[in-house]
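A.B. asks: Protein chains in written order, with this note's numbering: chain X, 664 to 1114; chain R, 664 to 1114.
Ideal Cβ placement from N, Cα and C applies to all residues, glycine included.
2 protein chains.
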Amino acid sequence: MSRSDVTPIEEKYLHDWSGRRYGVPSAVVRPLTVEDLRAILAEANNARTSCAIQGGRTGVSGGCAPGDGELVVALESLNKIEEVDPVSGIAVVQGGVVLETLQTEVERLGWSFPVDLGSRGSCQVGGNAATNAGGSRVVKYGNMREWVLGVEAVLANGALIGPPNRLVKNNAGYSLSSLLIGSEGTLGVISRLALRLVPLVPVRRTLLMALSPEANVNVLLREAKTGLREALSAFEIMWPDYVDAAMLVQQRARPLPASFTGLRAALIEVEGDGEATIDALLESFLTRQMEDGSVVDAIVSMSSQDAAALWAIRESVGEIQATIRPYAGFDLGMPAKDHDEFAAKAKALLLHEMPQCRSFFFGHIGDDNLHALVGPCLTPEERATAERLLFELMPPLTTSVTAEHGIGRKRKPYLSMSRSPADITVMKNIKAALDPHNILNRGRVFDMPIG
Amino acid sequence: MSRSDVTPIEEKYLHDWSGRRYGVPSAVVRPLTVEDLRAILAEANNARTSCAIQGGRTGVSGGCAPGDGELVVALESLNKIEEVDPVSGIAVVQGGVVLETLQTEVERLGWSFPVDLGSRGSCQVGGNAATNAGGSRVVKYGNMREWVLGVEAVLANGALIGPPNRLVKNNAGYSLSSLLIGSEGTLGVISRLALRLVPLVPVRRTLLMALSPEANVNVLLREAKTGLREALSAFEIMWPDYVDAAMLVQQRARPLPASFTGLRAALIEVEGDGEATIDALLESFLTRQMEDGSVVDAIVSMSSQDAAALWAIRESVGEIQATIRPYAGFDLGMPAKDHDEFAAKAKALLLHEMPQCRSFFFGHIGDDNLHALVGPCLTPEERATAERLLFELMPPLTTSVTAEHGIGRKRKPYLSMSRSPADITVMKNIKAALDPHNILNRGRVFDMPIG
């Protein structure tokens, strides 16, 4: 291992984006090469040292934050974009490349990497794959899983699997990449990835709609899916408290008309080839919704600045969170058709059981993903109460305690609400087979003996 | 286990679609329920009996054909479409449902299941998932993997993993579904699946083009991808010998103009919302290609009958195979940009080394997937020679000895040409963790001790 790998234990290595801490690591290493990374893990494996694997540290489930005595392995120096193939539309990158850096680079060449999330400026593509990141365009483009052709990864014992598959079709043996994606760094450390790209989309429009109290969001979603089809690239619903809070924290930006106050809002993004086609699709969809009374007011973006201002409403999460820390945050997975009813029920239940709290519901309804924030100033006990209330309101096994953020440490007590005992047994068998001494992100996802 | 499960050993259970046999099974059972299937596997596991798992038996890699003394477990009675949700666009089906049955049922409700292959009338969706089936629209829709939200599966010991995830986003624990997809029945038997659907596409056009000898298929593919974007749903190339053979075996159908003789042909499918938009896209693409001399003649489908006649040329594989049995068949995976050069080199090499043979190249170039048939009347030794010649012409590890058909038994000797020793070790560790007595499709993909 080269000397330059060992780095001072700065503040930033101690917590993830949610700010929670779990302990103080023994050291921080930043491998400069994949061979470095292999040597570091092999040595840790021999010593049975648990490693906290860190990408951009933008997670909120406590996965990357180190526990006492853990070795932090930070991927930030493995940040090369090795190749962008503008003919086949493939990028080969190291795991520590920042998502926005990749997006910018491929856009220069006429291509787009369609996975996009608010933390694009810090999160790393290796971490995006390890956590199967979702984001705002999943309704059209799917999760990170859909964009990874293959990964190269270092296992606990330093073995290197790969090279990353870069073929559209390859059925030679098990897809180890598919297993590693979403395993939250507990099975291997993703060092390189081959990613699919799509040609840049020429036209994009954003539409923000104020929904009448009678509007059925399920009907709206179905009509958007079947009417706008592939043009639909985002479909988000924000419930009234969230819209009001977002308008407050976004005062500096252009304010929304008063007609949006106290109503649910839907944010829709459409994209495609021809301006005329896209505008016609959008107009016909919007006209129908206004005629039947579902939509009482709407704003359509006329420029990318317009669009950014509308998205800023939806992306006010960080600012709202800042006003209610410590809070309980949720990324619930449940069928889209249940979101509206669940939000109403959960809100009433929280009001009854925790009358001192406010709750804010919003989310990627097009992706079966409902977010909620409950605050302000929760004690750990109150946070646990809020979690119990919301999770127990969801049917077990057919819903998810984490649609996109991952289990990490924070959701570990609730894994069995979303996965059957047989599933968890198999996961543990796989973990034991790949990381017998449990050195990779020990204590995340589920507990295992050190072995 | 109910008595009705034990079925006579009919001819059809003895081989897969390629016709090869490996032995005579001890019995054939057809579970009528998932509980039946669990009991059958648990009993086989206790007795260390290897089970040959059979879906529609349309594979060509020898995966489903039983060896001597194996227990055939045929899924054909687990054939219920349990639910089609026309709001969220999801189907929940048992593993033994025939692909075409599913396609027809969801189309009736305005949706489409976009995975499509020539064997749609026999293959089963459980088998499609177990083998990560590809087909003809992968350039747009990806492989089966992209369309499975989750699976329920029975493990070797009878344990049931599931229920199948049906959420667009769910990051609660490892994706066991992703691991099972493409594992060729060696890790578990897929009993139920939740599948994504897409709204029916209103307009579809098929275009068959004769390419000039100077045309660069890579340029053509890049222009189709970036110019037609999401409208492009298939991009296939057939080399001259294949076109000529297809024209011969399809004499009863409408013959192609003589201008196609001796040239490579490209088959393109486009689809989308508006006839005018699609026709304009197609016309502008075709005009450009004719003006620069890449395309010398072209036929555009004006009806679904037209389209079927054009696809019949591409789907003449079965008829051509029938004229050259026994033959060596290939489904090579390599970057699209290498197909044209590889086809030329491979053809010349085969002509030199096996002058008594003819070779036919064709394939899903948009999916990095090149098919070849070499025949006629090959002895097993000649088949092995043809395999060696073609596989050794491909760079190791970055290409695939099986883009879509799977390893099965047939490609087992060549797995290490496409996967590294570390990868194969991990696969074997996973197999040992999930099926310690090696009862599921024993001897397929790789060899393992009985345990």
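In or out: residue 1116(X) buried (at least 16 other Cβ within 10 Å) or exposed?
C.D. replies: With chain X running from 664 to 1114 in the structure shown, residue 1116(X) is simply not present.
A.B. asks: Checking 7 Å against the spacing of the C-beta atoms, do residue 692(R) and residue 672(R) come in under that value?
C.D. replies: For the purposes of this step, residue 692(R) is taken as residue 29 along the second sequence, with counting starting at 1. For the purposes of this step, residue 672(R) is taken as residue 9 along the second sequence, with counting starting at 1. No, the Cβ-Cβ distance between residue 692(R) and residue 672(R) is not below 7 Å.
A.B. asks: Taking the alpha-carbon positions, what's the residue 780(X) to residue 919(R) distance?
C.D. replies: Against the first sequence, residue 780(X) aligns to sequence position 117. Against the second sequence, residue 919(R) aligns to sequence position 256. Cα to Cα, the separation comes out at about 50 Å.
A.B. asks: Check this for me: beta carbons of residue 905(R) and residue 1005(R), under 7 Å apart or not?
C.D. replies: Start at 1 with the first residue of the second sequence, and residue 905(R) comes out as number 242. Start at 1 with the first residue of the second sequence, and residue 1005(R) comes out as number 342. Their beta carbons are not under 7 Å apart, which means residue 905(R) does not touch residue 1005(R) by this criterion.
A.B. asks: Just checking, does the stretch 813-823 of chain R make contact with the stretch 832-844 of chain R on the three C-beta pairs under 8 Å criterion?
C.D. replies: With the cut-off at 8 Å, the stretch 813-823 of chain R and the stretch 832-844 of chain R touch.
A.B. asks: In angstroms with no decimal places, state the Cα-to-Cα distance between residue 749(R) and residue 882(X).
C.D. replies: Stepping through the second sequence from its first residue, residue 749(R) is reached at position 86. Stepping through the first sequence from its first residue, residue 882(X) is reached at position 219. Cα to Cα, the separation comes out at about 11 Å.
A.B. asks: Using 8 Å as the threshold, is the stretch 957-969 of chain X in touch with the stretch 1024-1038 of chain X, meaning 3 or more CB pairs across them?
C.D. replies: Verdict: no, contact absent.
A.B. asks: For chain X, is any of its Cβ atoms less than 7 Å away from the one on residue 807(R)?
C.D. replies: As a position in the second sequence, residue 807(R) is number 144, starting the count at 1. For residue 807(R), the answer is no, since every Cβ of chain X falls outside 7 Å of its Cβ.
A.B. asks: In chain order, what residues of the same chain have a beta carbon less than 6 Å from the beta carbon of residue 1049(R), not counting five sequence neighbours either side?
C.D. replies: For the purposes of this step, residue 1049(R) is taken as residue 386 along the second sequence, with counting starting at 1. Same-chain partners within the cutoff: 991 and 1037.
A.B. asks: Using the C-alpha atoms, what's the distance from residue 1064(X) back to residue 1083(X)?
C.D. replies: Position 420 of the first sequence, counted from the first residue, corresponds to residue 1083(X). Position 401 of the first sequence, counted from the first residue, corresponds to residue 1064(X). The straight-line gap from Cα to Cα measures roughly 13 Å.
A.B. asks: Below 8 Å on the Cβ atoms is my guess for residue 704(X) versus residue 714(X); work out the distance and round it to an integer in Å.
C.D. replies: Translated into positions along the first sequence, residue 704(X) becomes position 41. Translated into positions along the first sequence, residue 714(X) becomes position 51. Contact flag correct, Cβ pair sits at about 7 Å.
A.B. asks: Answer with buried or exposed for residue 863(R), where buried requires no fewer than 16 other C-beta atoms within 10 angstroms of its C-beta.
C.D. replies: As a position in the second sequence, residue 863(R) is number 200, starting the count at 1. By the neighbour-count definition (other C-beta atoms within 10 Å, threshold 16), residue 863(R) is an exposed residue.
A.B. asks: Would you say residue 1040(X) lies against chain R (beta-carbon separation less than 7 Å)?
C.D. replies: Residue mapping note: residue 1040(X) aligns to position 377 of the first sequence, counting from 1. Closer than 7 Å: no.
A.B. asks: Name the residues in the stretch 856-885 of chain X whose C-beta lies less than 7 Å from a C-beta of chain R; which are they?
C.D. replies: For the stretch 856-885 of chain X, the residues whose beta carbon sits under 7 Å from a beta carbon of chain R are, in order, 862, 881 and 885.
A.B. asks: Give the range of the alpha helix (DSSP H) segment to which residue 877(X) is assigned.
C.D. replies: For the purposes of this step, residue 877(X) is taken as residue 214 along the first sequence, with counting starting at 1. Run containing residue 877(X): none; DSSP gives neither H nor E here.
A.B. asks: What are the partner residues of residue 717(X), as DSSP defines its beta bridges?
C.D. replies: Working through the first sequence from its first residue, we reach residue 717(X) at position 54. Note: residue 717(X) sits in a beta bridge opposite 737(X).
A.B. asks: Can you tell me where the beta strand (DSSP E) holding residue 1021(X) begins and where it ends?
C.D. replies: The sequence position of residue 1021(X) within the first sequence is 358, counting from 1. Note, residue 1021(X): beta strand (DSSP E), 1021-1027.
A.B. asks: Going by DSSP, name the residue or residues bridged to residue 757(R).
C.D. replies: What you label residue 757(R) is simply residue 94 of the second sequence in a count that begins at 1. Answer is 855(R).
A.B. asks: Using a Cβ-Cβ distance under 7 Å, would residue 1105(X) count as near chain R?
C.D. replies: Position 442 of the first sequence holds residue 1105(X). Closer than 7 Å: no.
A.B. asks: Alpha carbon to alpha carbon, what distance is there between residue 707(X) and residue 689(X)?
C.D. replies: Reading the first sequence from its first residue, position 26 is the one you call residue 689(X). Reading the first sequence from its first residue, position 44 is the one you call residue 707(X). Answer to the nearest angstrom: the Cα atoms are 12 Å apart.
A.B. asks: If I measure Cβ to Cβ from residue 884(X) and keep anything under 7 Å in the same chain, skipping five residues before and after, which residues do I get?
C.D. replies: One-based indexing of the first sequence puts residue 884(X) at position 221. Cβ within range, chain order: 898, 999, 1028 and 1029.
A.B. asks: Which whole runs of the beta strand (DSSP E) in the stretch 904-966 of chain R are 3 residues long or more, in chain order?
C.D. replies: Taking 3 residues as the shortest admissible run, the stretch 904-966 of chain R contains the following complete beta strand (DSSP E) segments, listed from N- to C-terminal end: 928-935 and 958-963.
A.B. asks: Kindly list, in the order they appear in chain X, the residues whose Cβ is closer than 7 Å to that of residue 678(R).
C.D. replies: As a position in the second sequence, residue 678(R) is number 15, starting the count at 1. Under the 7 Å cutoff, chain X gives no residues; its nearest Cβ is about 21 Å from residue 678(R).
A.B. asks: For residue 718(X), which of 869(X), 1081(X) and 736(X) has the nearest alpha-carbon?
C.D. replies: In the first sequence, counting from the first residue as 1, residue 718(X) sits at position 55. That would be 736(X), whose Cα lies nearest to the Cα of residue 718(X).
A.B. asks: Out of 696(X), 724(X), 697(X) and 731(X), which has the shortest C-alpha to C-alpha gap to residue 712(X)?
C.D. replies: As a working note, residue 712(X) is residue 49 in the first sequence. The shortest C-alpha separation from residue 712(X) is found at 731(X).
A.B. asks: Run down chain A in chain order and give the residues with a C-beta less than 8 Å from the C-beta of residue 773(R).
C.D. replies: In the displayed structure, chain A is absent; the protein chains listed are X and R.
A.B. asks: Hey, how far is the Cα of residue 666(R) from the Cα of residue 695(R)?
C.D. replies: What you label residue 666(R) is simply residue 3 of the second sequence in a count that begins at 1. What you label residue 695(R) is simply residue 32 of the second sequence in a count that begins at 1. The predicted model places residue 666(R) with a pLDDT of 42, which falls under 50 and marks its position as unreliable; any figure quoted below should be read in that light. When rounded, the distance between both Cα atoms is 10 Å.
A.B. asks: If we count the other Cβ atoms within 10 Å of its Cβ and call it buried at 16 or more, is residue 965(X) buried or exposed?
C.D. replies: For the purposes of this step, residue 965(X) is identified with residue 302 of the first sequence, where counting begins at 1. Exposed is the call here.
A.B. asks: Which chain X residues are close to residue 1067(R), counting only those with a beta carbon under 7 Å from its beta carbon?
C.D. replies: Indexing the second sequence from 1 puts residue 1067(R) at position 404. Per Cβ cutoff of 7 Å: 832 and 834.
A.B. asks: Can you find a C-beta in chain R that's less than 7 Å from the C-beta of residue 666(X)?
C.D. replies: Your numbering for residue 666(X) matches position 3 in the first sequence. Caution is warranted here: a pLDDT of 42 is assigned to residue 666(X), below 50, making its placement in the model unreliable, and no coordinate value can be reported.
A.B. asks: Starting from the Cα of residue 927(X), find the closest Cα among 935(X), 874(X) and 940(X) and give me that residue.
C.D. replies: Taking the first sequence and counting its residues from 1, the one referred to as residue 927(X) is at position 264. Across the set 935(X), 874(X) and 940(X), the C-alpha of 874(X) shows the shortest separation from the C-alpha of residue 927(X).
A.B. asks: Closer than 7 Å by beta-carbon distance: list the chain X residues that pair up with residue 1126(R), in chain order.
C.D. replies: Residue 1126(R) falls outside the range modelled here, since chain R spans only 664 to 1114, and no answer is possible.
A.B. asks: May I ask you to list the residues that DSSP assigns as paired with residue 1054(R)?
C.D. replies: In the second sequence, residue 1054(R) corresponds to position 391, counting from 1. Bridge partners of residue 1054(R): none, in fact.
A.B. asks: So, at 6 Å on beta carbons, what are the nonlocal neighbours of residue 987(R) in its own chain, with the 5 sequence-adjacent residues on each side left out?
C.D. replies: Indexing the second sequence from 1 puts residue 987(R) at position 324. Taken in chain order, the residues that qualify are 1038 and 1039.
A.B. asks: Do the stretch 1088-1108 of chain X and the stretch 675-685 of chain R touch if we need at least three Cβ pairs shorter than 8 Å?
C.D. replies: no
A.B. asks: Please determine, among 1085(X), 761(X), 860(X) and 835(X), the residue with the shortest C-alpha to C-alpha distance to residue 808(X).
C.D. replies: Here residue 808(X) is taken as the residue at index 145 of the first sequence, counted from 1. Residue 808(X) has its Cα closest to that of 860(X), out of 1085(X), 761(X), 860(X) and 835(X).
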